[in-house]
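Under my numbering, residues 26 to 172 are what the sequence shown spells out, in order.
Remarks on the structure that follows.
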Amino acid sequence: MLQKTESPKTGSVLLVIGGVFQALFAIMHVGMFFGISRDPALPAAMKPLLYIFNAAVLATVLFFAYASFFRRRELLETGLGRVTCLFIGAFYVQRALVDTMVNSVNTVFLGLLSLVAAFYLLAPFTPRRAVAGHTTEGVALGAASSK
């Protein structure tokens, strides 16, 4: 029986483009560490919280970039990978909504976040070719049953 397992270039290209945006967001968050310390309008009590929040977002974005560049096949071919893509897309939808509520509407940033979200929300649904002898999780048929 033929099952869909190999993702064509479309999903992979979407993830590479998304990974480039992730790397740029990581650079932006590294720069924010310097901006937090230099902003005189920020109360001193807020700065440690912003450092912690920024570090958490930076770690998250670095993971997204790593997965997008080096784990594309897993993101596109496994159930957990596809759910991870959907989570990344939802992360950026939420980030766009919160940014719009907290700050005024910045159409460029809102558009950028929406574009990144679209890459990850679409990638798991790109067509996959059917390959004989494989399951949808990329494990050869018979390999699991022989154990």
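A virtual CB, placed ideally from N, CA and C, is assigned to each residue, including glycine.
Since the structure is predicted, the reported quantities are computational estimates derived from the model, not experimental observations.
- With distances taken between CA atoms, residue 136 lies nearest to 120 out of 148, 151, 68, 120.
- Here the stretch 84–97 makes contact with the stretch 31–49; the two share three or more CB pairs at distances below 8 Å.
- Residue 81 carries a helical assignment under DSSP once its states are collapsed to helix, strand and coil.
- Taking all protein chains shown into account, residue 107 has 16 or more neighbouring C-beta atoms within 10 Å of its C-beta and is therefore buried.
- When secondary structure is reduced to three states using DSSP, residue 62 falls in the helix class.
- One alpha carbon belongs to residue 87, the other to residue 133, and they sit about 22 Å apart.
- Assignment of residue 129 by DSSP, reduced to helix, strand and coil, places it in the coil class.
- Between the stretch 138–145 and the stretch 107–116, the count of Cβ pairs shorter than 8 Å is three or higher; the stretches touch.
- Collapsing the DSSP output to three states places residue 67 in coil.
- Note that the C-beta distance between residue 100 and residue 40 is below 9 Å.
- Here the C-alpha atom of residue 38 lies approximately 13 Å from the C-alpha atom of residue 150.
- Here residue 63 is exposed. Its C-beta has fewer than 16 other C-beta atoms within 10 Å.
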